[in-house]
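Input: a single structure, listed below in structure tokens.
Residue numbers (full-length UniProt numbering): 1 to 183.
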């Protein structure tokens with residue numbers, strides 16, 4: 001007799017050799033064959049090919065032309081970072097230790113959207129009415145946020161990409177303002 005385990009209800013199904021396996025589980029009535037069933041053979045592991053080399057750019061310039069240089073940089077492995085250029089002239093172990101100490105003290109530790117390294121808080125910037133032109137939307141009588149407000153500036157420790165986001169107090173002020181609706 002042939003034994004099968006239903007992938008849906010985990011019930012062991014023993015089929016009669018004369019009748020053979022059916023297409024549906026007799027207990028839960030779900031399909032046993034088709035696109036929803038995955039058969040995994042245990043114990044018969046195939047050897048993995050030894051071709052798991054490091055990342056290679058097989059696509060070359062064709063990919064870069066199609067996707068654009070800016071987009072292709074995002075697909076680079078994390079080891080290709082701007083910081084690596086300074087490896088010979090600076091003590092990067094000490095750099096990494098200092099960065100770790102700074103990150104331990106930060107309340108927020110954003111991840112760089114370009115290389116996925118952590119970003120350190122460089123400081124805050126005050127945005128005033130002279131340096132900011134607020135956008136107007138017909139859904140609101142007043143701008144989304146009124147100056148003055150502060151933004152936190154973060155710098156990536158790997159590729160030195162700079163990101164800014166609204167300070168905590170001003171986030172609360174904006175949420176309060178927008179939650180009042182047509183303010």
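Built from N, CA and C at the ideal position, the CB exists for glycine as well.
As the structure is a prediction and not an experimental result, all values here were calculated from the model.
Could you name the residues that DSSP lists as bridge partners for residue 125? Mapped onto the chain shown, residue 125 falls at position 125. DSSP output for residue 125 lists 151 as bridge partner(s).
Unbroken beta strand (DSSP E) run spanning residue 31, endpoints: In the chain shown, residue 31 corresponds to position 31, counting from 1. From DSSP, residue 31 is part of no beta strand (DSSP E); its letter is neither H nor E.
As assigned by DSSP and simplified to three states, the class of residue 27: If you number the chain shown from 1, residue 27 lands on position 27. It is coil, neither helix nor strand.
Confirm, please, whether the CB-CB distance from residue 156 to residue 118 is below 9 Å. Here residue 118 refers to the residue found at position 118 when the chain shown is read from its first residue. Here residue 156 refers to the residue found at position 156 when the chain shown is read from its first residue. Against a cut-off of 9 Å, the Cβ pair of residue 156 and residue 118 comes out as a contact.
On the three-state DSSP scale, how would you describe residue 184? An answer regarding residue 184 cannot be provided, because it is not within the stretch 1 to 183 covered by the chain.
How far does the alpha helix (DSSP H) with residue 98 in it extend, from its first residue to its last? Reading the chain shown from its first residue, position 98 is the one you call residue 98. That run of the alpha helix (DSSP H) goes 92–105.
Given residue 132, which residues of its chain have a CB within under 7 Å of its CB, disregarding the five upstream and five downstream residues? Here the question's residue 132 lines up with position 132 in the chain shown. Result list for residue 132: 147, in chain order.
Measuring alpha carbon to alpha carbon, tell me which residue in 178, 127, 102 and 115 is nearest residue 139. Position 139 of the chain shown, counted from the start, is the residue given in the question as residue 139. Per the Cα distances, 178.
Less than 9 Å between the beta carbons of residue 145 and residue 173, yes or no? On the chain shown, residue 145 is found 145 positions in, with the first residue counted as 1. On the chain shown, residue 173 is found 173 positions in, with the first residue counted as 1. Yes, Cβ-Cβ distance for residue 145 and residue 173 is below 9 Å.
Check whether the Cβ of residue 10 sits closer than 8 Å to any heavy atom of the ligand GTP, and report yes or no. Of the ligands one can find in the structure shown there are none, so the ligand GTP has no counterpart to examine.
Would you mind reading off the limits of the beta strand (DSSP E) that contains residue 13? Counting from one through the chain shown, the residue named residue 13 turns up at place 13. Here the beta strand (DSSP E) through residue 13 covers 12–15.
Over the uninterrupted beta strand (DSSP E) stretch that includes residue 157, give me the two end residues. Reading the chain shown from its first residue, position 157 is the one you call residue 157. Element bounds for residue 157: n/a, residue is neither H nor E.
Which residues in the same chain as residue 12 place their Cβ atom closer than 7 Å to its Cβ, once the five residues preceding and following it in sequence are excluded? Along the chain shown, one-based indexing puts residue 12 at 12. Answer for residue 12: 3 and 5, listed in chain order.
Which residues does DSSP pair with residue 111 in a beta bridge? Here residue 111 is taken as the residue at index 111 of the chain shown, counted from 1. Per DSSP, 118.
Going by C-alpha to C-alpha distance, which of 150, 17, 26 and 29 sits closest to residue 168? Indexing the chain shown from 1 puts residue 168 at position 168. Comparing Cα-Cα distances from residue 168 to each of 150, 17, 26 and 29, the minimum goes to 150.
Taking C-alpha atoms, which residue in 143, 7 and 91 lies nearest to residue 31? Position 31 of the chain shown, counted from the start, is the residue given in the question as residue 31. Minimum Cα distance to residue 31 is reached at 7.
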